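56 is the number of the first residue of the sequence shown in the numbering used here; add one for each residue after it. Built from N, CA and C at the ideal position, the CB exists for glycine as well. Since the structure is predicted, the reported quantities are computational estimates derived from the model, not experimental observations. Taking it in order: structure first as structure tokens, then the write-up.
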Amino acid sequence: MLRRSSWLGPTLLALALVVTACGGGSGADDAGGVESVVGSDRDNSGDEVVEDEPSSDDEVEPADQADAEPVLSVVATVAPIADLVAQVGGDRVEVAPLVPAGGDAHTYEPRPQDVVVLSEADAYVGIGLQLNDGALRLAEENLPEDAPLILLGELALTDADLVFDHSHDDDGGHSHGDDGHSHDDGHSHDDDGGHSHGDDGHSHGDDDLGPNPHVWTSLRNAAALVAGIADALAELDPDGAEFYADNAVAYQDELEALDTLVRDAAVTIPAANRTLVTYHDAWTYFARDYDLDYATAVQPADFSEPSAAEVRAVIDLIRDLEVPVVFGSDVFPTPVLETIAEETGADYVANLSDDVLPGEPGSAEHTYLELMRRNAHAIVNGLGGDASELR
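Here it is, written out as structure tokens:
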């Protein structure tokens with residue numbers, strides 16, 4: 056059975072694929088619909104494929120794609136998850152991220168073309184854990200009835216993998232008291248797959264807090280998600296089971312290699328600088344993995360500008376903890392972060408990204424691994440560590 060990865064722990068989760076209403080879809084270009092990613096640079100043999108220069112459109116095609124038709128069409132929630140599916144699926148799986156390139160999952164609004172793509176898909180792969188419930192509801196309502204709705208955050212991760220820091224009464228993008236999912240549309244979530252949305256399938260240590268859904272900002276969690284993806288694709292396409300398992304193990308090795316580089320770099324951050332303040336609460340997993348103290352997220356959960364009182368509280372906290380740098384993002388542009396940095400004397404680094412892949416779709420840098428490498432470099436370097444091995 057596919058390993059969960061030895062660096063994650065000794066036990067591999069045997070994932071049960073939840074069969075719910077689902078549908079099939081192929082991607083379209085940015086002008087007309089959802090971006091399509093056809094597999095990764097692995098062909099049906101499991102070998103790496105040397106690719107030609109990518110074309111100007113959004114499709115990423117392995118060199119032998121003309122000779123290999125995808126077996127499955129999968130819609131994935133956000134770009135990092137879509138890339139994980141593509142790495143495991145290779146040229147047997149056509150993957151379309153529901154949130155378009157450059158878009159933000161937290162503020163995603165469904166488009167008419169998304170309905171078409173979902174209605175033609177073989178499966179939907181998401182995180183669950185109350186991340187982007189609008190997209191999940193859209194999938195539940197428009198996927199064909201014979202395909203699975205695969206929520207990796209609930210199926211591939213255990214409580215030990217999760218950080219429980221989200222309020223159940225948020226007004227914003229993550230509502231944990233009620234997951235907002237429709238349960239009377241023919242999609243069963245409490246069948247033998249163990250997929251119960253009443254409690255996310257997890258036993259919360261604190262009834263007032265729910266799991267942070269940004270699970271992919273942990274490379275270790277990503278390895279577990281990859282194992283879950285391989286199991287799910289094998290259920291849909293048994294003939295490709297060995298192919299998916301081989302791809303998953305090879306990709307887990309790449310994740311482990313990057314995790315080692317990040318870990319070695321993170322230990323060089325001075326003890327006085329190991330406090331993390333970010334634009335959004337997406338980085339608690341990164342802080343946990345590399346022994347950093349996550350102090351606060353500047354942006355409220357509903358993505359509004361923080362109030363004057365909230366800004367003052369953050370400023371006081373940064374001064375008390377002598378935080379050296381505040382991390383922002385182009386995805387959440389706000390002058391508040393710069394103001395906070397100026398008021399406190401902290402540096403301001405504005406290039407973190409939790410769910411928007413770098414580069415253009417189809418380019419070599421438009422990958423989850425490159426996203427995490429760049430984020431790790433920015434954080435380690437910003438906090439005064441040696442990030443030279445992450446260049």
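Buried or exposed by the 16-neighbour rule on C-beta atoms within 10 Å, applied to residue i
i, result
"residue 320", "buried"
"residue 440", "buried"
"residue 322", "exposed"
"residue 169", "buried"
"residue 145", "buried"
"residue 177", "buried"
"residue 203", "buried"
"residue 427", "buried"
"residue 195", "buried"
"residue 216", "buried"
Beta-bridge pairing of residue i - partner residues as DSSP gives them
i, result
"residue 51", "Residue 51 is absent from the model: the chain starts at 56 and stops at 446."
"residue 333", "352 and 382"
"residue 179", "130 and 204"
Cutoff 7 Å; reference residue i; Cβ partners in own chain excluding five residues on either side
i, result
"residue 393", "403"
"residue 212", "270, 276 and 279"
"residue 337", "269, 272 and 409"
"residue 150", "92, 129, 131, 137, 140, 141 and 144"
"residue 391", "353, 360, 361 and 366"
"residue 413", "420, 421, 425, 426 and 429"
"residue 386", "159, 408 and 411"
"residue 197", "78, 170, 173 and 174"
"residue 306", "142, 143 and 281"
"residue 292", "126, 127 and 147"
"residue 349", "331, 338, 339 and 342"
6 Å Cβ shell around residue i - same chain, five flanking residues per side excluded
i, result
"residue 437", "380 and 404"
"residue 285", "57, 143, 299, 300 and 303"
"residue 432", "442 and 445"
"residue 283", "70, 207, 210 and 211"
When the options are compared against residue i, the one with the closest alpha-carbon
i, options, result
"residue 267", "340, 327 and 316", "340"
"residue 308", "444, 274 and 329", "274"
"residue 264", "374, 281, 202 and 184", "184"
"residue 435", "399, 332, 373 and 164", "332"
"residue 142", "213, 422, 343 and 371", "422"
"residue 343", "136, 424, 218 and 207", "218"
"residue 374", "443, 429, 325 and 399", "399"
"residue 377", "424, 346 and 328", "328"
"residue 429", "196, 313, 125 and 208", "313"
"residue 148", "401, 123 and 172", "123"
"residue 351", "345, 326, 166 and 383", "383"
"residue 370", "206, 401 and 419", "401"
"residue 330", "317, 346, 215 and 192", "346"
"residue 363", "180, 395, 214 and 334", "395"
"residue 41", "152, 179 and 372", "Not covered by the structure: residue 41. The range shown for the chain is 56 to 446."
"residue 220", "311, 335, 201 and 310", "335"
Contact set for residue i: own chain, Cβ-Cβ below 8 Å, skip 5 residues either direction
i, result
"residue 154", "132, 133, 134, 160, 163, 187, 190 and 410"
"residue 475", "In the structure as shown, the chain starts at 56 and stops at 446, and residue 475 therefore has no counterpart that could be examined."
"residue 444", "316, 319 and 320"
Residue i CB to nearest heavy atom of the ligand NAP below 8 Å
i, result
"residue 385", "Summarising the ligand content, the structure contains no ligands, and the ligand NAP is consequently not present."
TODO: Write down every uninterrupted run of the beta strand (DSSP E) in the region 381 to 429 whose length is 3 residues or greater and which is fully enclosed by it, in chain order.
DONE: The qualifying runs are 402 to 404.
TODO: Kindly provide the ranges of any beta strand (DSSP E) runs that are 3 or more residues long and lie completely inside the region 181 to 214, ordered along the chain.
DONE: With a minimum length of 3 residues, the continuous beta strand (DSSP E) runs that stay inside the region 181 to 214 are 204 to 206.
Open item on the list: For a minimum of 4 consecutive residues, which ranges assigned as the alpha helix (DSSP H) are wholly contained in the region 267 to 340?
Closed with: Positions of the alpha helix (DSSP H) runs, each at least 4 residues long and wholly inside the region 267 to 340, are given as 274 to 291 and 296 to 321 in order along the chain.
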